[in-house]
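Peer 1: After the structure tokens below, expect a handful of questions from me.
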Amino acid sequence: MSTEAKRPVLEVRNLSVSLPSGADRVHAVEKVSFTVSPGEIVCLVGESGSGKSVIAFTVMGLLAKALKPTSGEILLEGENILAASETRLRQLRCTRMSMIFQEPMTALNPVMTCGEQIDEVLNTHTKLDAAARKAKIIAILARVKLPEPERIYASYPHQLSGGQRQRIMIAMALVLDPVLLIADEPTTALDVTTQAEILKLIAELQDGQGTGVLFITHDFGVVAEIAHRVAVLRWGELVEMGPTEKILSRPEHSYTKMLISSVPSIHPVHRDVRKDGPTVLRTEKLGKTYSGSGFFQKARVVRAAIDVDLDIRRGETLGIVGESGSGKSTVARCIARLIDPSEGKIFLGDTEIATMKASKLRPHRRRVQIVFQDPYRSMNPRITIGESIIEGPMNFGLKRDEAIVRARKLMETVRLDPNSLDRYPHQFSGGQRQRICIARALAMEPELLIADEAVSALDVSVQKQVLELLDEIRVRLNLAVLFITHDLRVAAQICDYVAVMSKGRVVEYGSAEQVFGSPKDDYTKALFAAAPGRNWEFGKFAAA
Amino acid sequence: MSAISEDVVDSASISAASTKRRSLWLLAIRNPNVIIGGTILAIMLLIAALAPVLGTIDPTRIDPAGRNKKPGTEITYKLDDGTTAKRVAIMGTDSLGRDVYSRVIYGTRVSLAVGVAVAIIAVLIGTIIGLISGYVRWLDGFIMRIMDGLMAIPGILLAIALVSIWRAGLITVIFAIVVPDVPRVVRLVRSVVLTVREEPYVEGAISVGTPTWILMFRHILPNTVAPLIVQGTFLAAAAILVEAALSFLGIGIPPEIPSWGNIMAEGRTLFRVFPHNIFFPGIFLALTVLAINIMGDGLRDTLDPKMSKKV
């Protein structure tokens, strides 16, 4: 934990990396300097495009050919990596510095057992014989707390869970006791409970070995959880650096202030809800069973949603929270009838739509609209956003001119320039596209708006804006909103009611204050306990 | 907070990034492979169109006096009105005294017609079946098993069977080549449909009540255009080769119609003594197929980078 005056394991001095010509800026990274001391975890935080991953790849010497370091030096234990030959870099990787990646499934070779992959590292870099290597691998697998190391040794990556795979990556990275570990968003692809375990593991391992860690993340919760020092990046420039406590509680730069203020609090705000609105949506014992049966295979049955009872009134936001595979999106897609539910009933007002035939369903489609997670894939890239927005109303008989008038109004509602209706989706940023998707949904004048992880792909500052917009629209149009998210902080801020789902079932259901304040179910408690940075209240700073 | 209004689209700032999609086609026509292949192909098309004015004579005209002349021989022709005329047979004559140059030039028409017709017909039929198969899930298994069955039929065997039932001719040949090609297009279109139908924008269109046929033609079909163009060029090249092979075997285009395969078939018996009968149509055949393949490669690299090695 201590950061006394030891020689830093990593020293980045005045590093600039240029982008190929034609990019939106000249430098991916510009004049960045920082150090990582032994036993220290330094977090690089920034939104997408801030250059944090570029720094990591530059340190590892894995930079894409189009990017070129133009100035500065990177000293690993005093040795300049930028000047090192390819052979020397190969020697350094794994022995002195290692890297773990965001997606452990793609970082591991699917046709080699995990043991063989770690063995490859040892075989390349050490002169140990087979038995010694195996002993060392079993030992490191035990150290990253994988159960039954012998079995894991012989397992293929697909046989392990996401968390276990990330542990394999960590084992591989640490097997030769490097002085520097670079972790590039290592927990972003993992569920929150798994993330908590991995963060704990990284902290323990580096503390025991005195490894310096350069940890890259976009999540301030993770920062609060793990970092000793924080470096904030924006557009390739380091805007602020300091001890975690200072940066999080007394940031100086306006950008840092804005970022930290944008992090939603995990404590739900008190929201006044009129409990007298008419019920817009009610589900009764809604269930979805997937049964994949091939001609030659045994039938596999997956119960994605079981006995889900929900109801939403006008002007209310119901959140469904849960980890991946909990069935929350399945429920949303059943309600939107993008998939057909296997059992149970869905009442839209008084109309039962769960078993309705496709032809009869069409008039009711208008009443439920959905906004998806990925703003880059939610709109047809080949048609203008105006065409996308007016498509729905025109399907229901609105004349083209009237539809365009409506679209222009909606563009104003979502705070976009109405004159940009004739542009194509690729000309907008992620947050802007998500607003266009909201406008497209609103064009149908729905009674229920489903937001399926609608802000999960967005940077925290943009996320905040979209959340504010959604809430504003809900109030103004008195909409019912079904908000699907894995992010407890987001749920705490936007939901009146929360349903917690696990393994297809709703395990806890109540008002947000009640569920967050005094969770009753064990799973809910575990979920909240795992939320990164839950003990840290992110301040709201006046934006500059 | 004023953060939202800051994000309002500034029309001027985003106009710079416009028309990315259209420039893909511009990129394609600048690709050196497309330029080289396209140029050769354009020349071939010109030759086919201008065949009568390229110094040719009737390609079916038999001249017993001028049989098996080597390339460059001067031949005296007796014209219909009784007068005589001299002309140099630059590619020689065949065993019936027909002018090989004229036959090769006219043969271009048959080859290109077969290539283009097969590509267009196979793509059209395949696209319709592929769309249905990819979109109507319960029909998928049934359709695809039929397609698997069709793919198992070799084009040449099918042609032999068809010629023995119908009469030999251009239509029969095209039909025989199209049948085993259709499943390839179906598979391609189906795979695109299966991927695209899961895209959120397609689901978004479903949830705003878009009728199925609009969904298919507006949101799904355009995604198949680029891979289909690429596939179409390869189908055309293969079809030209198969037509030549069928004609060479004597089961394709009737021998009186000049096609490259026919010319080579005719020259086969005397190949050792008079190789020019096979050499010239062979050159044209190879050049055309090469040009189409090069162009297809170039189109694939630019329009469908996922399929090419270099991204």
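Protein chains in written order, with the numbering used here: chain E, 1 to 544; chain R, 1001 to 1311.
By construction, the Cβ of each residue, glycine as well, lies at the ideal position given by its N, Cα and C atoms.
1) Kindly list the residues whose CB is nearer than 6 Å to the CB of residue 18/E, restricted to its own chain and excluding five residues on each side of it in sequence; keep chain order.
2) Against residue 1206/R, what residues of chain E qualify as contacts under a CB-to-CB distance less than 7 Å, listed in chain order?
3) If you check the beta carbons only, do residue 492/E and residue 192/E fall under 8 Å apart?
4) DSSP state of residue 359/E, grouped into three classes?
5) Given 8 Å as the limit, is there contact between the stretch 1118-1129 of chain R and the stretch 1071-1078 of chain R, that is, 3 or more CB pairs closer than that?
6) Assuming residue 260/E contacts residue 369/E (C-beta within less than 8 Å), just tell me the rounded distance between them.
7) Along the chain, where does the alpha helix (DSSP H) containing residue 125/E start, and where does it finish?
8) Within the continuous beta strand (DSSP E) that includes residue 14/E, where are the two ends?
9) Looking at the C-beta of residue 1210/R, does it have a partner C-beta in chain E at a distance below 8 Å?
10) For residue 1183/R, which of 1145/R, 1160/R, 1205/R, 1164/R has the nearest alpha-carbon?
11) Within 8 Å of any Cβ in chain E, is that where the Cβ of residue 1135/R sits?
12) According to the neighbour-count rule (16 or more other Cβ atoms, all chains shown, within 10 Å of its Cβ), is residue 1083/R buried or exposed?
13) Between which residues of its own chain and residue 11/E is the CB-CB distance below 6 Å, once the five residues before and five after are set aside?
14) Extract the residue ranges of the beta strand (DSSP E) inside the stretch 299-383 of chain E, only unbroken runs of 3 or more that lie entirely within it.
15) Considering only the alpha carbon of each residue, which of 163/E, 171/E, 139/E lies closest to residue 546/E?
16) Going by C-alpha to C-alpha distance, which of 444/E, 455/E, 417/E sits closest to residue 431/E?
17) Report the rounded CA-to-CA distance for residue 87/E versus residue 136/E, giving the unit in angstroms.
18) Secondary structure at residue 495/E, three-state DSSP: helix, strand or coil?
19) Applying the criterion that 16 or more other CB atoms from any shown protein chain within 10 Å of the CB defines a buried residue, is residue 1199/R buried or exposed?
20) Apart from the five residues just before and just after residue 459/E, which ones in its own chain have a Cβ nearer than 6 Å to its Cβ?
21) For residue 374/E, would you say it is in contact with chain R, using Cβ-to-Cβ distances shorter than 8 Å as the test?
22) Could you please give me the residues that DSSP links to residue 480/E through a beta bridge?
23) Residue 406/E to residue 287/E, Cα distance in whole Å?
24) 8 Å is my cut-off, CB to CB: does residue 1227/R come that close to chain E?
25) Anything in chain R within Cβ reach of residue 391/E, meaning under 7 Å, just list it in chain order.
26) Could you spell out the range, first to last residue, of the beta strand (DSSP E) harbouring residue 63/E?
27) With a 10 Å radius around its C-beta and 16 neighbouring C-beta atoms as the bar for buried, classify residue 228/E as buried or exposed.
28) Contact criterion: CB-CB distance below 8 Å. Does residue 483/E meet it with respect to chain R?
29) By the DSSP assignment, the beta strand (DSSP E) with residue 178/E in it spans what residues?
30) Name, please, each residue of chain R whose Cβ falls closer than 9 Å to the Cβ of residue 444/E.
31) Using a Cβ-Cβ cut-off of 8 Å, state whether residue 1017/R counts as contacting chain E.
32) Which whole-angstrom value is the C-beta distance of residue 1130/R and residue 1186/R, which I expect to be below 8 Å?
33) Measuring alpha carbon to alpha carbon, tell me which of 1294/R, 1066/R, 1293/R ends up nearest residue 1086/R.
34) Provide the residue span of the alpha helix (DSSP H) that contains residue 525/E, from first to last.
35) Please state if the CB of residue 1119/R and the CB of residue 1235/R are separated by a distance shorter than 8 Å.
36) List the DSSP bridge partners of residue 1085/R.
Peer 2: With the structure as the only source:
1) So the qualifying residues of the chain are 27, 68, 70.
2) 338
3) no
4) Helix, per DSSP.
5) no
6) Contact doesn't hold; Cβ gap of about 33 Å is too wide.
7) 114-125
8) 10-18
9) yes
10) When each option's Cα is compared against that of residue 1183/R, the closest is 1145/R.
11) no
12) exposed
13) The answer, listed in chain order, is 35, 75.
14) 300-313, 317-321, 343-348, 368-371
15) Residue 546/E falls outside the range modelled here, since chain E spans only 1 to 544, and no answer is possible.
16) With distances taken between Cα atoms, residue 431/E lies closest to 455/E.
17) 25 Å
18) coil
19) buried
20) 47, 48
21) yes
22) 448/E
23) 37 Å
24) no
25) Going along chain R in sequence order, the residues near residue 391/E (Cβ under 7 Å) are 1205, 1208, 1210.
26) Segment: none, residue 63/E is in no beta strand (DSSP E) and carries neither H nor E.
27) buried
28) No - not a single Cβ of chain R is within 8 Å of the one on residue 483/E.
29) Here residue 178/E belongs to no beta strand (DSSP E), and DSSP marks it neither H nor E.
30) 1207, 1208, 1209
31) Summary for residue 1017/R: the model assigns pLDDT 41, below 50, so the residue's position carries little reliability; its value from the coordinates is reported in the next sentence. Judged by the 8 Å Cβ criterion, residue 1017/R is in contact with chain E.
32) 4 Å
33) 1066/R
34) 522-530
35) By the CB criterion at 8 Å, residue 1235/R and residue 1119/R fall inside the cutoff.
36) 1077/R
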